[in-house]
Each structure stands twice: as structure tokens, then as C-alpha cells.
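If you're matching positions, the sequence shown starts at 53 in this note's numbering and goes up one per residue.
Using N, Cα and C, we set each Cβ at its ideal position, and we do this for glycine too.
As the structure is a prediction and not an experimental result, all values here were calculated from the model.
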Amino acid sequence: MGQLGMVEEAGPRAATTQRSRVGPGPAKVGLRATATLLQKGDIVGRYTVQNLSAGGALLTGAKDVIKASPCRLLLQLPSGESLTVGAHVRRRAVAGDVVALAVGFRHLSPQSEDRIQDAVLQLLDESYRRRHPAVLVVDASEAVRLSVASQLHALGCRVVPCEAPLSAMRVLEDPNEHVTAIVVRDAPGASPGPELLDWVAETYDRVRPILLVEDRSSDPSVGHLGVQRCLPEHLSAILS
């Protein structure tokens, strides 16, 4: 399989998106894109898009190509209609039954460049969200939200502040968002109240509902059994 590594040296235009420095280490991004390759008007085969940029792509599949012949790619990106681009094979390698092709794009329109770049950026963002689940901090007070967020940022947590329960519900229902915990304050006049956490505990098994209490006299039997209670100064300990 060593030969396949040679294809990844296709030049600066074929920018690698499969490994991107987001956070402390390299991140692999599943592009979820395919390409149908045509040469001389005939379909050669369907390939998996491993890396993608506005300058070119790295494809893997089972069908070899005529390197010297121009080709056209029918790119199926994760969203939107298929995109047809002219291309040429810059490098190729074969290892067993796997063919790797480094292709460069020709005469790419600004609109096509935008679509490719938007798709890659979207996937990078989704990858970052999956690797860094969010903690929702829900409180009507901006000062409280900022205070709790500052405490969580020190732990390296990604925080999504929400002013109202409706905002929190939208985040929880977002298929592209990944939430690990939701924090609500239990205090006289605080909004929202603990009932939001009861609803979260009943609805989302993957989300930890945490109620910040002002003192140890808070009755632990009140509310849903899945709601975890803690003093503000202990929040870092239970989320670390």
C-alpha cells in the first residue's frame, strides 16, 4: 500500500481536507462525496472522494484510467445537485485492487469553486462539533451565562449560551449539533426553572441535565431523578 502515499503529493492545489488541524491533533473528515469519472464520453467508474479542494481531488476506486486523456467528473457532494467539472489525471497509483487518482480541475467557475469550498467547510465544522460536544448554559441573565461559560471554557468545553428554553430546544433538535450537558441555575426568580431539566432528562438520554444550586440544603428528591445537582464551584469537577 506504500504506493498510494505517492498520490497525496499532487501539489499545492490539491489541498488535503482529510487531515485538518482543528484542536490539539489531526482530524479525519469523512467527505461523504463520490465522483463518477468519464473519459472519451464513456463512464469509467465511480470513485470515493478522499480529499477535495477547489483545485483538485484525490479519488479511490477499482477502475484504472488513461492518464493522458482528459476526463470529466460528476461530483456528488453531501448536499445540493451534482457538480460536473472538467479534470485531468495528474498522478495515479495502483495497490492490489485499489486505484488512487490525483486529479486537477480545469476551468472551474467561481460558482463551482464556492460549492466545493462550502462543502468542505461544512464538513470540517461538523467534524469539530462531533469531537467537541457542547455544553448548553441556559439563563435569562447574561452575567450568569458569561460567568458559567468562563468556568467551562477553562476546562476546554465548547459552550453554547442560551437566553431562553426555546433557544436551547432548537440547539438540542439540531441534527448537526452534539450536546453533552445542559446547565440551569436554581435560584429565586431564575429563568428558566428546573422543569426544563426534567424535560431534558425524559427526552434526551445522551444529555446530562445539571442544576446549579445555591447551597447544600437544596432537596435532591425534587424533580427528575436524572437531574444532577451541584454547587457552582463543583461544576468544573463533574464535567472534567
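Beta-carbon separation of residue i and residue j under 8 angstroms?
| i | j | result |
| --- | --- | --- |
| GLN91 | SER134 | no |
| PRO227 | ASP238 | no |
| THR112 | VAL141 | no |
| GLY97 | LYS119 | no |
| GLN128 | THR86 | yes |
| GLU209 | LEU188 | A small fix is needed here, since residue 209 is Cys in this sequence, not Glu. No. |
| VAL236 | VAL190 | yes |
| LEU110 | ALA152 | yes |
| LEU175 | PRO130 | yes |
| ALA216 | ALA192 | yes |
Whole-angstrom Cβ separation of residue i and residue j, contact assumed at under 8 angstroms?
| i | j | result |
| --- | --- | --- |
| THR232 | ARG260 | 7 angstroms |
| LEU204 | VAL211 | 5 angstroms |
| HIS230 | ALA186 | 7 angstroms |
| SER200 | SER105 | Before going further, note that residue 200 is Val rather than Ser in the sequence given. The Cβ separation is near 39 angstroms, so there is no contact. |
| VAL137 | LEU125 | 5 angstroms |
| LEU283 | TYR256 | About 24 angstroms separates the two Cβ atoms, so there is no contact after all. |
Ends of the beta strand (DSSP E) at residue i?
| i | result |
| --- | --- |
| ILE234 | 231-238 |
| ALA301 | A query on residue 301 cannot be resolved here, the shown segment of the chain reaching from 53 to 292 and no further. |
| ALA109 | 108-113 |
| LEU90 | 86-91 |
| GLY138 | 135-147 |
| ALA186 | 186-190 |
| CYS123 | 123-128 |
| PRO213 | 210-214 |
How should residue i be labelled, buried or exposed, when 16 other C-beta atoms within 10 angstroms of its C-beta is the threshold for buried?
| i | result |
| --- | --- |
| ALA220 | buried |
| ASP166 | exposed |
| VAL279 | buried |
| LYS80 | Its pLDDT being 42, under 50, LYS80 is placed unreliably by the model, and the measurement read from it follows with that caveat. Burial call: exposed. |
| LEU89 | buried |
| ALA206 | exposed |
| GLY108 | buried |
| ALA154 | buried |
| ALA195 | exposed |
| PRO78 | For PRO78, the pLDDT reaches just 35, beneath the cut-off of 50, and the residue's location in the model is therefore unreliable, leaving the point undetermined. |
| VAL146 | exposed |
| SER244 | Correcting the residue type first, residue 244 is Pro in the shown sequence and not Ser. Flag for PRO244 reads buried. |
| ARG222 | exposed |
Go to residue i, then tell me how far its alpha helix (DSSP H) extends in each direction, as first and last residue.
| i | result |
| --- | --- |
| VAL196 | 194-205 |
| ARG183 | 162-183 |
| ARG222 | 217-225 |
| ASP94 | Looking at the DSSP string, ASP94 is not in any alpha helix (DSSP H); the run it does join, the beta strand (DSSP E), is 94-104. |
| VAL15 | The requested residue 15 is not part of the displayed model; the chain covers only 53 to 292. |
| VAL252 | 247-255 |
| GLN287 | This sequence places Leu at residue 287; Gln is not what is there. Taken as a continuous stretch (DSSP letters only), the alpha helix (DSSP H) holding LEU287 covers 287-291. |
Is any beta-carbon of chain B found at less than 8 angstroms from that of residue i?
| i | result |
| --- | --- |
| LEU175 | Among the chains of the structure shown, chain B does not appear; only one protein chain is present. |
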